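These protein sequence lines map, in sequence, to chains C and Z.
Counting in the working numbering, the first sequence runs without a single skipped number right up to 750 at its last residue.
Counting in the working numbering, the second sequence runs without a single skipped number right up to 750 at its last residue.
In what follows, a single structure is set out as structure tokens and then discussed.
Protein chains: 2
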Amino acid sequence: MIGISFFLGASFGRDEGKWAEYLGETKPRLAEAAGWVRENAAGDKSGFGWYNLPDQNTEELKKISAWLSGYDAIIHVGIGGSALGNLMLHQALLPMYLNERAEHPHFYLADNPDPEKAAAIWERVKGSRVALVGVSKSGATAETMSQFLWFRSKMKDSGVNPDENTLVITDPKGGVFRSFAGTVKCRSLEIPPSVGGRYSVLSNCGLISAAALGADTTKLLAGAASMRKFIETAGSDANPALTLAAIHRFHELNGRPMAVLMPYSNRMETFSEWFAQLWGESVGKDGKGTTPVRALGAIDQHSQVQLYTAGPDDKLYTLINIASRREEITLPQVDEESLVSLAYLSGQRLGEMLGYEAQSTAAALVKAGRPVVWIELDKLNEESLGALIFFYEYVTAVTGHLMGINPFDQPGVEQGKHYTYGLMGRGEYSGDAKEAGEYFGLIKKSEIKA
Amino acid sequence: MIGISFFLGASFGRDEGKWAEYLGETKPRLAEAAGWVRENAAGDKSGFGWYNLPDQNTEELKKISAWLSGYDAIIHVGIGGSALGNLMLHQALLPMYLNERAEHPHFYLADNPDPEKAAAIWERVKGSRVALVGVSKSGATAETMSQFLWFRSKMKDSGVNPDENTLVITDPKGGVFRSFAGTVKCRSLEIPPSVGGRYSVLSNCGLISAAALGADTTKLLAGAASMRKFIETAGSDANPALTLAAIHRFHELNGRPMAVLMPYSNRMETFSEWFAQLWGESVGKDGKGTTPVRALGAIDQHSQVQLYTAGPDDKLYTLINIASRREEITLPQVDEESLVSLAYLSGQRLGEMLGYEAQSTAAALVKAGRPVVWIELDKLNEESLGALIFFYEYVTAVTGHLMGINPFDQPGVEQGKHYTYGLMGRGEYSGDAKEAGEYFGLIKKSEIKA
Numbered sequence: 301m302i303g304i305s306f307f308l309g310a311s312f313g314r315d316e317g318k319w320a321e322y323l324g325e326t327k328p329r330l331a332e333a334a335g336w337v338r339e340n341a342a343g344d345k346s347g348f349g350w351y352n353l354p355d356q357n358t359e360e361l362k363k364i365s366a367w368l369s370g371y372d373a374i375i376h377v378g379i380g381g382s383a384l385g386n387l388m389l390h391q392a393l394l395p396m397y398l399n400e401r402a403e404h405p406h407f408y409l410a411d412n413p414d415p416e417k418a419a420a421i422w423e424r425v426k427g428s429r430v431a432l433v434g435v436s437k438s439g440a441t442a443e444t445m446s447q448f449l450w451f452r453s454k455m456k457d458s459g460v461n462p463d464e465n466t467l468v469i470t471d472p473k474g475g476v477f478r479s480f481a482g483t484v485k486c487r488s489l490e491i492p493p494s495v496g497g498r499y500s501v502l503s504n505c506g507l508i509s510a511a512a513l514g515a516d517t518t519k520l521l522a523g524a525a526s527m528r529k530f531i532e533t534a535g536s537d538a539n540p541a542l543t544l545a546a547i548h549r550f551h552e553l554n555g556r557p558m559a560v561l562m563p564y565s566n567r568m569e570t571f572s573e574w575f576a577q578l579w580g581e582s583v584g585k586d587g588k589g590t591t592p593v594r595a596l597g598a599i600d601q602h603s604q605v606q607l608y609t610a611g612p613d614d615k616l617y618t619l620i621n622i623a624s625r626r627e628e629i630t631l632p633q634v635d636e637e638s639l640v641s642l643a644y645l646s647g648q649r650l651g652e653m654l655g656y657e658a659q660s661t662a663a664a665l666v667k668a669g670r671p672v673v674w675i676e677l678d679k680l681n682e683e684s685l686g687a688l689i690f691f692y693e694y695v696t697a698v699t700g701h702l703m704g705i706n707p708f709d710q711p712g713v714e715q716g717k718h719y720t721y722g723l724m725g726r727g728e729y730s731g732d733a734k735e736a737g738e739y740f741g742l743i744k745k746s747e748i749k750a
Numbered sequence: 301m302i303g304i305s306f307f308l309g310a311s312f313g314r315d316e317g318k319w320a321e322y323l324g325e326t327k328p329r330l331a332e333a334a335g336w337v338r339e340n341a342a343g344d345k346s347g348f349g350w351y352n353l354p355d356q357n358t359e360e361l362k363k364i365s366a367w368l369s370g371y372d373a374i375i376h377v378g379i380g381g382s383a384l385g386n387l388m389l390h391q392a393l394l395p396m397y398l399n400e401r402a403e404h405p406h407f408y409l410a411d412n413p414d415p416e417k418a419a420a421i422w423e424r425v426k427g428s429r430v431a432l433v434g435v436s437k438s439g440a441t442a443e444t445m446s447q448f449l450w451f452r453s454k455m456k457d458s459g460v461n462p463d464e465n466t467l468v469i470t471d472p473k474g475g476v477f478r479s480f481a482g483t484v485k486c487r488s489l490e491i492p493p494s495v496g497g498r499y500s501v502l503s504n505c506g507l508i509s510a511a512a513l514g515a516d517t518t519k520l521l522a523g524a525a526s527m528r529k530f531i532e533t534a535g536s537d538a539n540p541a542l543t544l545a546a547i548h549r550f551h552e553l554n555g556r557p558m559a560v561l562m563p564y565s566n567r568m569e570t571f572s573e574w575f576a577q578l579w580g581e582s583v584g585k586d587g588k589g590t591t592p593v594r595a596l597g598a599i600d601q602h603s604q605v606q607l608y609t610a611g612p613d614d615k616l617y618t619l620i621n622i623a624s625r626r627e628e629i630t631l632p633q634v635d636e637e638s639l640v641s642l643a644y645l646s647g648q649r650l651g652e653m654l655g656y657e658a659q660s661t662a663a664a665l666v667k668a669g670r671p672v673v674w675i676e677l678d679k680l681n682e683e684s685l686g687a688l689i690f691f692y693e694y695v696t697a698v699t700g701h702l703m704g705i706n707p708f709d710q711p712g713v714e715q716g717k718h719y720t721y722g723l724m725g726r727g728e729y730s731g732d733a734k735e736a737g738e739y740f741g742l743i744k745k746s747e748i749k750a
């Protein structure tokens, strides 16, 4: 017990009665799900490795992140699970605008194979001491490897030995990246084979850059361990992670195909992106799955709340509030005559106002009969974030299990990959290129000239 | 005609037959909608002002943006429609990482009343020459005014005369901000009364910072004018903007409550956010409206495409591709033995690969029976972006009209505002504070301690 506490609350709108019934029916299944996670994790079964990450040995991570922290710039090449977690940890834990400060390396995420972004990154870093970090479990991800090879060639062209300045994070035994690392003798770290990309933020994949930039990864893992212990000891009746999984499944079954995550903190903006990847790729299968919708409070009150309160009743809303923020701002006395209608702002605290806005949005949603989940962290720090990450990984896995799908695979992404290989001219995929052309041709195009 | 061309294509999955029937039935309504926009815009009716923005006089904008461009830093305070458009234009039109360069002012958007963000902004800019830009039509927006007042007090505290370094953008006649500007004699620009916040990107609201940072706003407006002309002269039968509105409404009626927008360009990431605000607040009314879902290609292939192809058939997908990018990257020859399986990447062009990925995702979605809209810009520049902005404003307004709702109001956001006022202790809203507490209390909370 390390002092994380948070509230999880839920209202059910017009389905209050149905929920009690569903929960009653589902209890045995929840107990079974808890056992399913625990036993498979104990056997380190494929996909379940995230459950054991709080216990990992971080000696190598510490050594290599210390080395990395000495650079002027880090180019981190990865996509999806190999990218989002890093940004999420940076945003939540490091000072804002860290990237522009001198004390730590500047961090550049080359996640999209967009030549304009990649070229802009190189333009920024060239001439400084640059470390290249490549993250891919297999080393076969085209988006990642293409950029990795290009940045590598730019390093060579500028007279730097890339191998001395490269780190790859990959499978401990197999794959292109592993054999590459062995051949060129660059630094490497492992992604445990039982950990999938979207569950990898608490592995070397996600921790490396956060550690190099100054986040306390030991505390992050301690937070996750603490949540795991809470979940294991709560019993399936009083386990809010199991309850939340049941809530998600219940609303999916009751005609709500969307799950909105709306934290009230700029530091958690990327947390919603991370959640969206974890959730969408885990539960979107066999014609099932709710769609994650990213929102940010209070900004989206001026963007999405009109739709949320007055549009269709087709979403489950989760609001996350932070009780005590790292900084508070007290507003000045409003004494100008022309601003008299704003006098009510005098002496108010901005963070407190943000909390009132979160409560007001929750109340307005409840009034409109919409289902709301409320999560409140005392503080947003390494411990509570580690706990919340673990909590959501658990909720996602259990929700998938309740749906009867495998929350750890992603068969649906292969088709597009094969089409791309084919269009890029790989001989063995020429049939895919043809098929891609046929399906793409079904999109009837009309030209607009203006 | 200034040489913008783009393709708009659509496939209808399993609803191909139904669509032809719907379009036939809806044609008279589309013709009526086209007239509705044109006539109301001609009368400068409330809400329709966006249609006339291409004709605005930009003399004041140019003068004031030139003044603004001489500062070290701009703090832009606004939320929703007074904020997103600026970011969208910067990202699409300015060089990446502009913010860290010296030639132009650094731009800081204070859109969220999050004390951690506001404090971080001040920490970054203090000591440099700072301009404060406040954007609110009424001057009553609590999130904006609170931060405006705080930054103003910080400027005073640091010995600067804030009034000489402040610009407000607001209603030409009424509201707190207008009387404030008159009293303190700071610079001001107008938001035309007939232009709503979410349709304001091509007004002073959105153009000011883009102009100060170096975008060519004349070309942006020319692009919008060109699209308007195309729409006006196309006739309702061959007008793809009307067709796209019908497509959106058709899929809403056929059980698809989500509209995904997925551009394949980092420069358009914020365009999706802007669209989400425009769309959600315009069409989410009377229990109707589809939910905008923001995606980014190719990144979301590793996040959302599993769900898109294998989850429920409950979305309309719009992919936006750029035929010719500002930069292209040619990948190096892959000659290392350990990388032989990546030899297919040798000499490939990264932007071309990104285009193949867009096509592959579209083809995979079509194969899965999902409805796809394909938009392709020759280039992403001022003209094409201006055209695309106008196009989507038109599509949004017409879709709302087809739904039978008013696409220019936002009554659903008032409830939350009143609750917040009440919780902040404004006497006249004490009944709201009580009601907020009651509804919030319906969220049953259980404590987690870990």
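Here a beta-carbon is modelled for each residue, glycine too, at the ideal position from N, C-alpha and C.
These numbers were taken from a predicted model, which means no experiment stands behind them.
Test: residue i CB closer than 9 angstroms to a CB of chain C
{"i": "Ser-479(Z)", "result": "yes"}
{"i": "Ala-697(Z)", "result": "no"}
{"i": "Tyr-371(Z)", "result": "no"}
{"i": "Ala-440(Z)", "result": "yes"}
{"i": "Val-713(Z)", "result": "yes"}
{"i": "Asn-566(Z)", "result": "yes"}
{"i": "Thr-470(Z)", "result": "no"}
Any chain Z beta carbon closer than 9 angstroms to residue i
{"i": "Gly-725(C)", "result": "yes"}
{"i": "Asn-461(C)", "result": "no"}
{"i": "Tyr-322(C)", "result": "no"}
{"i": "Leu-702(C)", "result": "no"}
{"i": "Met-301(C)", "result": "Caution applies to Met-301(C), whose pLDDT of 46 falls short of 50 and renders its modelled position unreliable; the model cannot decide the point."}
{"i": "Val-433(C)", "result": "no"}
{"i": "Gly-737(C)", "result": "yes"}
{"i": "His-602(C)", "result": "yes"}
{"i": "Lys-417(C)", "result": "yes"}
{"i": "Tyr-721(C)", "result": "yes"}
Chain-ordered chain Z contacts of residue i [CB-CB under 8 angstroms]
{"i": "Phe-575(C)", "result": "Going along chain Z, no residue has its Cβ under 8 angstroms from Phe-575(C), so there is no contact; the nearest lies around 10 angstroms."}
{"i": "Ser-638(C)", "result": "Val-476, Ser-479, Phe-480, Gly-482, Thr-483, Val-484"}
{"i": "Glu-359(C)", "result": "Under the 8 angstroms cutoff, chain Z gives no residues; its nearest Cβ is about 26 angstroms from Glu-359(C)."}
{"i": "Asp-614(C)", "result": "Pro-557, Thr-591"}
Simplified DSSP assignment, three categories, for residue i
{"i": "His-376(C)", "result": "strand"}
{"i": "Phe-407(C)", "result": "strand"}
{"i": "Lys-744(Z)", "result": "strand"}
{"i": "Ser-488(Z)", "result": "strand"}
{"i": "Val-560(C)", "result": "strand"}
{"i": "Glu-627(C)", "result": "coil"}
{"i": "Asp-586(Z)", "result": "coil"}
{"i": "Asn-357(C)", "result": "coil"}
{"i": "Ala-538(Z)", "result": "coil"}
{"i": "Ile-705(C)", "result": "coil"}
{"i": "Thr-720(Z)", "result": "helix"}
Beta-carbon neighbours of residue i, restricted to chain C and to distances below 8 angstroms
{"i": "Trp-450(Z)", "result": "Ile-629, Leu-631, Pro-632, Leu-650"}
According to DSSP, residues forming a beta bridge with residue i
{"i": "Gly-434(C)", "result": "Val-377(C), Val-468(C)"}
{"i": "Arg-338(C)", "result": "BP columns for Arg-338(C) are empty, so no partner."}
{"i": "Thr-591(Z)", "result": "Met-558(Z)"}
Anticipated Cβ contact below 8 angstroms, residue i with residue j, distance rounded
{"i": "Gln-577(C)", "j": "Ser-603(Z)", "result": "4 angstroms"}
{"i": "Leu-489(C)", "j": "Pro-462(C)", "result": "So it is not a contact: roughly 17 angstroms between Cβ atoms."}
{"i": "Phe-575(Z)", "j": "Tyr-499(Z)", "result": "Contact doesn't hold; Cβ gap of about 12 angstroms is too wide."}
{"i": "Tyr-371(C)", "j": "Arg-424(C)", "result": "In fact, because the Cβ distance is near 14 angstroms, the residues do not count as touching under 8 angstroms."}
Contact set between residue i and chain C, taken where Cβ atoms lie within less than 7 angstroms
{"i": "Asn-706(Z)", "result": "Within chain C, no residue comes near Asn-706(Z); the closest Cβ sits about 11 angstroms away, beyond 7 angstroms."}
Closer than 9 angstroms at the beta carbon, the chain C residues around residue i
{"i": "Trp-674(Z)", "result": "Phe-740, Ile-743, Lys-745"}
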